[in-house]
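The numbers in our numbering rise by one with no breaks, and the one at position 87 of the sequence shown is 214.
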Amino acid sequence: MSKVALVTGGTRGIGAAISLALKKEGCSVAATYSSNSDAANKFSSENGIEVFQWNVADAAACENGVKQVTDKLGGIDILVNNAGISKASMAHKMSVEQWDEVIKTDLDSVFYMTRCVLESMREKSFGRIISISSINGQKGEMGLINYSAAKAGLLGFTKALAQETARKNITVNAVAPGYIDTEILADASEDFMKSLISKIPVGRLGTVDEVSRIVTFLASDEAGFITGSTISANGGQYFA
Ligand code: NDP
128 MSKVALVTGG TRGIGAAISL ALKKEGCSVA ATYSSNSDAA NKFSSENGIE
178 VFQWNVADAA ACENGVKQVT DKLGGIDILV NNAGISKASM AHKMSVEQWD
228 EVIKTDLDSV FYMTRCVLES MREKSFGRII SISSINGQKG EMGLINYSAA
278 KAGLLGFTKA LAQETARKNI TVNAVAPGYI DTEILADASE DFMKSLISKI
328 PVGRLGTVDE VSRIVTFLAS DEAGFITGST ISANGGQYFA
């Protein structure tokens, strides 16, 4: 029987590539999004992937959402915590709202989502929980204390949970991408891109497929001995 995968933020960018890659591996995929229904519906009709809308920063919405997905596709075998945002500001100018929004969306959401799938994974004695962190959670980035803290928090979450779930054949891992070629950089100036790429030893941005391949590997049966790990994909920009 095919496995059921849930990818938060799975309708655009890195998440969309992960949803497609898991579908290609034979999974029934549920991709979630928060507000961009046009992009989500287009993604769904082009690729035949079910999409679901809820805010991952809201614990009750996560419970309802996971129930909807489970009712439609079955119990979740693979959870990919991918949804994330960033709100840049230097620390001395950062508002409490900017801090809270990023911590809730990028870190609290990972607990909110994971707690909804753990019981059924424990019953099946199988599970894969993969969270998308960032190079900035490993090295920190100026102007992003909120994002860096949330993405670093994910790594501690991953190591602790991996110890709790190992005996139940539930692996818990993180992927830490460097700068990836997504929409967010589409409007960046030539000078900004030149300076960004000059800091990446391989001399280019990463691709969404280079991230999704790591996720499909971690999600596979063959990766059962890998847990509590963080796999970096950053073109040599930082060695954790
Ligand atoms: P995008 O902005 O392209 O897509 C984000 C996705 O997450 C969208 O589907 C969006 O939904 C969804 N989303 C955002 N907020 C919420 C929310 N509150 N509730 C539910 N869904 C939400 O992101 P990227 O592809 O660039 O990034 C994906 C992940 O990878 C993020 O965690 C990011 O931090 C991380 N990352 C990205 C890097 C990069 O270079 N792009 C580098 C390192 C890490 P909607 O379409 O409705 O807005």
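We put the beta carbon where it would ideally sit given N, CA and C, even for glycine.
Give the secondary structure of residue i by DSSP, where H, G and I count as helix, E and B as strand, and everything else as coil.
i: Y365; result: coil
i: E152; result: coil
i: N174; result: helix
i: T357; result: strand
i: I262; result: helix
i: N208; result: strand
i: V115; result: A question about residue 115 goes unanswered here, because the residues of the chain that appear run from 128 up to 367.
i: A114; result: The question about residue 114 has no answer, for the chain in this structure spans 128 to 367.
i: S216; result: strand
My understanding is that residue i touches residue j, with C-beta atoms under 8 Å, so please give their C-beta distance in whole angstroms.
i: G267; j: S260; result: So it is not a contact: roughly 12 Å between Cβ atoms.
i: M248; j: I297; result: 5 Å
i: R331; j: I324; result: 6 Å
Beta-carbon within less than 8 Å of residue i's beta-carbon, same chain only, minus the 5 sequence neighbours each way: which residues are those?
i: W181; result: T159, S161, A188, C189, N191 and G192
i: K231; result: A184
i: S171; result: T138, A158, E177 and V178
i: D336; result: A144 and A148
i: M320; result: L312
Heavy atom of ligand 1 less than 6 Å from the Cβ of residue i, yes or no?
i: V178; result: no
i: P328; result: no
i: A360; result: no
i: V134; result: no
i: I183; result: Checking the sequence, you will find Val at residue 183 rather than Ile. Yes, ligand 1 has a heavy atom inside 6 Å of this Cβ.
i: Y160; result: yes
i: G280; result: no
i: T232; result: yes
i: I203; result: no
i: I341; result: no
i: Y306; result: yes
i: T309; result: yes
i: R139; result: yes
i: I256; result: no
i: G142; result: yes
i: S172; result: no
i: Y367; result: Residue 367 is actually Ala in this sequence, not Tyr. Not so, every heavy atom of ligand 1 lies at least 6 Å from the Cβ.
i: G192; result: no
i: G363; result: no
i: S273; result: It should be noted that the sequence gives Asn, not Ser, for residue 273. Incorrect: N273 has no Cβ contact closer than 6 Å to ligand 1.
Looking only at its chain, what residues have a beta carbon closer than 6 Å to the beta carbon of residue i, apart from the 5 residues adjacent to it on each side?
i: A186; result: Y239
i: A346; result: I205 and R255
i: V156; result: A132, S146, L149, K150 and I176
i: T309; result: G140
Within a Cβ cutoff of 7 Å, which residues of the same chain sit near residue i, ignoring the five residues on either side of it in sequence?
i: L281; result: L234, V237, S258, S260, G264 and A301
i: K392; result: Limits of the chain in this structure are 128 at one end and 367 at the other, which puts residue 392 out of reach.
i: N209; result: V134, T135, G136, G137, I141, G142, I145 and I259
i: K278; result: D233, S260, S261, N263 and G264
i: F179; result: A157, T159, G192, Q195 and V196
i: K214; result: Q225, E228, V229 and N273
i: T354; result: A289, A293, T298, V299 and N300
Compare the C-beta of residue i with all C-beta atoms of chain C and state if any pair is closer than 7 Å.
i: Q180; result: Absence of chain C from the displayed structure is noted, only one protein chain being present.
In chain order, each alpha helix (DSSP H) run of at least 4 residues that lies wholly inside the region 283-338
317-325
Entirely within the region 225-273 and at least 4 residues each: give me those alpha helix (DSSP H) ranges in chain order.
236-251 and 262-266
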